[in-house]
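Reviewing the structure listed below.
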Amino acid sequence: MKNYFDVLIIGGGASGLVCAIECANEHSVALLEATPKVGKKILVTGNGKCNLTNLDMSADKYNTDWVQDIVGEFSPAYIVDKFAQYGLCTKADDTRIYPHSESANSVLNVLLAMAKMNGVQIFGDTTAQSIRQANGMWQVTTNAQQYFCKNLVLATGSRATFGMSSYDLVSCFGHTTTRLFPALVPLKSKSIIGANGVRAKVSATLDIDGKKFAENGELLFKDGAISGILAFRMSSHIARASVRGYKSATMTIDFVPDMTESDLAQFIQDTYTPYIGILEGVLHKALAANIVRNTCMDRSLLMSQEKAEALAHTCKHYTAVIDGLGSLSNAQVVCGGLNLDEWDNHTLQSKKVANLWAMGEMLNVDGECGGYNLHWAWASALAVAKDINNAKNQ
Ligand SMILES: Cc1cc2nc3c(=O)[nH]c(=O)nc-3n(C[C@H](O)[C@H](O)[C@H](O)COP(=O)(O)OP(=O)(O)OC[C@H]3O[C@@H](n4cnc5c(N)ncnc54)[C@H](O)[C@@H]3O)c2cc1C
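Counting in this note's numbering, the sequence shown runs from 1 upward without gaps.
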């Protein structure tokens with residue numbers, strides 16, 4: 001079996017596939033993937049619909065402005081065009097871009113078709129165990145056989161949801177990895193109970209040691225956790241604060257953002273009847289029960305102005321204590337990764353050893369919910385491919 005290639009890519013995920021396709025126009029390329037099939041994570045993205053990029057793009061959407069030049073050059077429009085060249089029709093939902101089919105399968109299928117057409121050799125069930133460089137050549141030892149190449153690209157992603165961490169592959173060259181935390185993950189909290197599966201569109205303010213982050217969106221309550229897109233977005237702030245080590249986090253939730261507190265108090269007072277649970281005409285029964293339980297008020301059946309005001313206040317300032325982040329197996333991405341100081345922010349080439357690149361989620365780059373992480377995977381892959389292809393043409 002052939003074991004020498006111009007370009008060898010370790011990791012057959014989103015970034016690995018795009019880099020392989022782009023390099024294969026000019027080079028012999030092999031993709032090594034630890035699991036039997038490439039692109040497994042792509043299939044679960046966006047609840048199976050694959051939110052592949054977002055038109056509202058800037059470095060602010062990431063944990064670091066180190067990404068600025070690459071997400072500037074390989075913009076959402078560039079990515080949409082690139083996928084159109086691959087044969088994928090896309091559509092926008094607000095600023096989020098999805099495949100027109102609304103199926104992540106379509107994304108993976110066009111990538112597989114392009115890889116095949118360009119002659120990329122894919123080796124499944126092949127885990128890279130170690131790498132070494134001798135005489136300008138890379139040698140990659142796997143569970144199956146040894147591979148050799150001139151240009152080596154690392155695209156091994158993170159352990160979020162499933163996957164493995166392979167940061168150690170480059171530690172022997174002096175490359176370091178930051179601390180790792182789950183991000184885009186449910187928040188642990190026992191502050192709302194008995195509301196498993198209930199969703200609410202809210203405004204919320206996360207307070208981490210006095211630093212505040214306000215957002216609107218949907219929360220999904222679970223036993224012992226708060227999930228939903230809004231909680232996922234908040235989890236990124238907590239993950240980043242975890243790197244520094246934070247003391248406490250709370251989320252103040254406004255369950256009725258479309259009414260003022262005084263209008264809400266008036267509504268509660270005017271419409272109160274003992275024949276329906278308090279607030280059940282405003283909120284889901286399970287949320288109403290939590291608010292009533294957490295409001296200091298007299299427990300009589302009468303509704304006073306004072307009581308209505310206290311209830312309205314809790315509805316608009318419900319404090320949930322956040323006990324931490326959910327587990328990596330529930331996370332969409334990892335906050336942390338290969339230390340960015342050690343990689344060139346235009347080419348993604350190692351600053352420590354020649355002809356070695358890293359891209360995608362393996363680097364310490366994580367984006368907000370909404371297509372930003374896949375965007376980074378595609379954009380970083382295009383940056384690496386451009387560098388490798390340019391070197392050949394010089
Ligand atoms: C449930 C879920 C939903 C998501 N939804 C979205 C979304 O809608 N939009 C969005 O932008 N992002 C989303 N993401 C995040 C996005 O999927 C990832 O950021 C992106 O796939 C990362 O791409 P990657 O190429 O860096 O890594 P991956 O796609 O993780 O690929 C890495 C590959 O490397 C392989 N590998 C690891 N170590 C080795 C080794 N030693 N040898 C060989 N192979 C190895 C792994 O098996 C894996 O296949 C979601 C993630 C999850 C988990």
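Here a beta-carbon is modelled for each residue, glycine too, at the ideal position from N, C-alpha and C.
For residue i, which residues of its own chain have a beta-carbon under 7 Å away from its beta-carbon, when the five flanking residues on both sides are left out?
i           : result
residue 148 : 3, 4, 137, 138, 139
residue 361 : 157, 158, 333, 334, 337, 373, 377
residue 329 : 161
residue 321 : 189, 191, 250
Residue range of the beta strand (DSSP E) that residue i falls in?
i           : result
residue 402 : Since the first and last residues shown for the chain are 1 and 394, residue 402 lies out of range.
residue 161 : Element bounds for residue 161: n/a, residue is neither H nor E.
residue 152 : 146-154
residue 78  : Where residue 78 is concerned, there is no enclosing beta strand (DSSP E), although the alpha helix (DSSP H) it sits in stretches over 76-86.
residue 333 : 333-335
residue 91  : 90-93
Determine whether the beta carbon atoms of residue i and residue j lie at a separation below 9 Å.
i           : j           : result
residue 226 : residue 192 : yes
residue 30  : residue 11  : no
residue 337 : residue 167 : yes
residue 318 : residue 254 : yes
residue 238 : residue 371 : no
residue 107 : residue 23  : no
residue 308 : residue 272 : yes
residue 8   : residue 151 : yes
residue 202 : residue 217 : yes
residue 92  : residue 32  : no
residue 181 : residue 243 : yes
residue 88  : residue 131 : no
residue 220 : residue 204 : no
residue 57  : residue 86  : no
residue 200 : residue 287 : yes
residue 195 : residue 290 : yes
residue 52  : residue 79  : yes
For residue i, is the beta carbon positioned less than 8 Å from some heavy atom of ligand 1?
i           : result
residue 372 : yes
residue 376 : yes
residue 391 : no
residue 139 : no
residue 51  : yes
residue 15  : yes
residue 348 : no
residue 44  : yes
residue 133 : no
residue 333 : yes
residue 356 : no
residue 40  : yes
residue 189 : no
residue 169 : yes
residue 119 : no
residue 126 : yes
residue 446 : Residue coverage of the chain in this structure runs from 1 to 394, which leaves residue 446 outside it and unanswerable.
residue 160 : yes
residue 361 : yes
residue 218 : no
residue 164 : yes
Provide the residue span of the alpha helix (DSSP H) that contains residue i, from first to last.
i           : result
residue 16  : 14-23
residue 234 : 229-244
residue 104 : 104-117
residue 139 : It is not in any alpha helix (DSSP H) - residue 139 instead sits in the beta strand (DSSP E) that spans 137-142.
residue 293 : 285-293
residue 381 : 372-393
residue 315 : 305-316
residue 126 : That residue, residue 126, is in no alpha helix (DSSP H); it is neither H nor E in DSSP.
residue 97  : Taken as a continuous stretch (DSSP letters only), residue 97 belongs to no alpha helix (DSSP H), being part of the beta strand (DSSP E) at 96-99.
residue 43  : 40-44
residue 71  : 68-73
For residue i, which residues of its own chain have a beta-carbon under 6 Å away from its beta-carbon, when the five flanking residues on both sides are left out?
i           : result
residue 234 : 206
residue 163 : 157
residue 18  : 378, 381
residue 143 : 127
residue 385 : 19, 22, 23
residue 356 : 152, 350
residue 6   : 27, 28, 150
residue 165 : 159
Based on the DSSP secondary-structure assignment, which residues constitute the bridge partners of residue i?
i           : result
residue 215 : 204
residue 7   : 29, 151
residue 199 : 220
residue 265 : According to DSSP, which records beta bridges pairwise, residue 265 is partnered with nothing at all.
residue 321 : 250
residue 187 : 226, 325
residue 356 : 152
residue 134 : 137
Residues in the same chain with beta-carbon distance under 8 Å from residue i, minus the five sequence neighbours each way, listed in chain order, please.
i           : result
residue 208 : 237, 238, 241, 246, 248, 249
residue 281 : 271
residue 348 : 70, 357, 358, 359, 363, 380, 383, 384, 387
residue 224 : 188, 189, 190
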